[in-house]
Amino acid sequence: MYRIDHLAFRTLNRKKCIDFFCQALEYKVQANFDIYFNEEKTEVAECSALEPTNKSPDAPWMTQVAIPGGTQQYVIPPEIFVSEGTPGSIVYEWAKARGGFGLHHIALQVLEDSTVEKEMEKWIKQGWAESFSTQQPIKCDGLSQAFTRPSEITGVIFELIQRDKHGFCKDSVKELMESTRGD
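To get our numbering, take the position in the sequence shown, counting from 1, and add 1.
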């Protein structure tokens, strides 16, 4: 069983995309950062992590709603990651090839009783993924992640993710983006 951790969009208009999620779906910006793909800093991905406004620091994946006779727990909407790249960058080329925007991947949270490595093996064995963009998960400060190649079943890239605290690590995001060059 998996829970959707986050959705990642690549676009040629990050501001408009962020405004939509913040205004229409009540998200807020959690973090903004840039990733540079070359020493000259001409290939850049501008990145924004968004989170639902009802995210609780005590129970970041759940929210309680009052209902007649008590309360009901719900899994809150997933985080959203939005990136826009300069011409020639991985992000720009990917978005341009799809008309300027698109859902890049769906991240699935690996439950505590498993690991990203075990889930990678399971996905290959089950035929859910032909391969991953890296042989081993990319790890960064309490974070372990791996991308499938675009699915033959859905056409979407899936990310298997396990995290202790932080949802995004600038170094691992760069490695993940580089691993999907050409997908």
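Ideal Cβ placement from N, Cα and C applies to all residues, glycine included. Everything numeric in this text was worked out from a predicted model, so none of it was measured.
Element boundaries [beta strand (DSSP E), containing residue i]
i	result
residue 9	4-12
residue 160	158-164
residue 145	144-148
Cut-off 6 angstroms between Cβ atoms - residues of its own chain near residue i, not counting five sequence neighbours on either side
i	result
residue 233	Residue 233 lies beyond the range of the chain shown here (2 to 184); nothing can be said about it.
residue 9	82, 105 and 106
residue 163	111, 117 and 145
residue 86	46, 92 and 93
residue 176	139
Where the alpha helix (DSSP H) through residue i begins and ends
i	result
residue 83	No alpha helix (DSSP H) holds residue 83; the beta strand (DSSP E) holding it covers 80-86.
residue 130	Where residue 130 is concerned, there is no enclosing alpha helix (DSSP H), given that its DSSP letter is neither H nor E.
residue 153	Residue 153 -> no alpha helix (DSSP H), and no H or E assigned at all.
residue 172	171-180
Buried versus exposed call for residue i [16 or more other C-beta atoms within 10 Å across all chains shown]
i	result
residue 15	buried
residue 1	Outside the displayed span of the chain (2 to 184) sits residue 1, for which this structure offers no information.
residue 174	buried
residue 161	buried
residue 234	In the structure as shown, the chain begins at 2 and stops at 184. Residue 234 is therefore absent and cannot be evaluated.
residue 84	buried
residue 120	buried
residue 41	exposed
residue 68	exposed
residue 52	buried
Expected contact under 8 angstroms - CB spacing of residue i and residue j to nearest Å
i	j	result
residue 109	residue 19	With a Cβ gap of about 23 angstroms, residue 109 and residue 19 do not count as contacting.
residue 36	residue 45	7 angstroms
residue 50	residue 80	6 angstroms
residue 90	residue 38	6 angstroms
Same chain, Cβ closer than 7 angstroms to residue i, five either side skipped, listed in chain order
i	result
residue 34	48 and 171
residue 153	131
Sequence-distant residues of its chain with Cβ nearer than 8 angstroms to residue i (five each side left out)
i	result
residue 102	10, 11, 12, 13, 14, 18 and 96
Requested in this report: Pick out the complete beta strand (DSSP E) segments inside the segment 16-47, 3 residues or longer, and give them in chain order.
Outcome: Here the runs fully enclosed are 28-37.
**Report entry** Segments assigned beta strand (DSSP E), at least 3 residues, entirely inside the segment 90-131
**Finding:** Runs found: 102-110.
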